[in-house]
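Here is the structure we will look at.
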Amino acid sequence: RVFDAKVDKNGKRMAGAIGVCHKIINQVINHALALNMLDTHPAPQLKAKDVGGGSKVTKRNLSFSELKILLTSMPSWRTDPSNIRLMQFLLGCGQRISAVLEMRWTELDVDEGIWLLPASSEERHTKSQDARKVPLSGYLLALLKEQRDSVPSKWKLVWPQLTVDKVQEPAAVRALIKRNLPTDFERFSPHDLRRTFISRCSEMGLDIVAIEKTVGHQLPGMLRV
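The sequence shown begins at 519 in my numbering and counts up by one.
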């Protein structure tokens, strides 16, 4: 089941599959070592990136001063305006990149300012057990209006590839960031924008329960209500 979760419905390997396989193989080997079924680890220095896995994942969040530099630089990025809107939306909504890249127009209630994020499934990798409502600020609604005007009306996806109504790969977003980083700006990943959203909202003194609910974190007991 772990491996199935890293393969799409067409049998194509998804992002993170190699890392997951590498981790599980290491767990099996370490278990065998603990049971004295093996004397030594056959490849103790082998890393996921050595067999085609991604590079080391960053774990950081951007400060307010970094955000100012980043947002100020975006108008000069060498990319389509829709990709800039995507970056701004990722930062402003705090949701997982997979959920945003697979976002459908039919999930939006613009009048109510709500994005109905469905439960995780084969087609929607939201990592949510249940459907939930994500509040959309005026800033996010303005971005969506601009995006609606730039995407063919018959297309289902909100943030599709530039020339076809297909889901973008997270790797393409990582490449976009790497290609347009401001000078001397520390590298960050798309997921770091989610961490940034949580950290800066907390720093602003917003209610922590509201923040956790917005990003879809599981809360204990009565806090779920």
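We put the beta carbon where it would ideally sit given N, CA and C, even for glycine.
Look up R622 in the DSSP assignment and give the residues it is bridged to. R622 pairs with L675.
Going by beta carbon distance, what residues of the same chain come within less than 7 Å of R603, once the five residues before and after it are set aside? Here R603 has L661, E664, Q665 as same chain residues with Cβ atoms under 7 Å from its own Cβ, once five neighbours each way along the sequence are excluded.
Element boundaries [beta strand (DSSP E), containing V733]: Unbroken run through V733 is the alpha helix (DSSP H), 726-733; no beta strand (DSSP E).
Measuring straight from C-alpha to C-alpha, what distance separates K674 and V618? One C-alpha to the other measures close to 13 Å.
Just confirm the distance between the C-beta atoms of R718 and F607, as a whole number of angstroms; I'd bet it's less than 8 Å. Rounded, the Cβ-Cβ distance is 16 Å, inconsistent with contact.
Looking only at its chain, what residues have a beta carbon closer than 6 Å to the beta carbon of Q686, apart from the 5 residues adjacent to it on each side? Non-local beta-carbon contacts of Q686 in its own chain, meaning distances under 6 Å to residues more than five positions away in sequence, involve L619, Q679 in chain order.
Less than 8 Å between C-beta atoms, sequence neighbours within five positions excluded: which residues of the same chain meet that for K696? So the list reads R705, once near-sequence residues are dropped.
Coarse secondary structure for V691, derived from DSSP in three states: Here DSSP, grouped into helix, strand and coil, assigns V691 to helix.
Taking DSSP as the reference, what is the three-state secondary structure of R650? The answer is strand: DSSP assigns R650 an E or B state.
Note the first and the last residue of the continuous alpha helix (DSSP H) segment covering L659. It spans 656-668 - the alpha helix (DSSP H) in which L659 sits, taken as one unbroken run.
According to DSSP, is V546 part of a helix, a strand, or is it coil? Note: V546 maps to helix in three-state DSSP.
Bridge partner(s) assigned by DSSP for D627: Looking at the DSSP assignment, D627 forms a beta bridge with I632.
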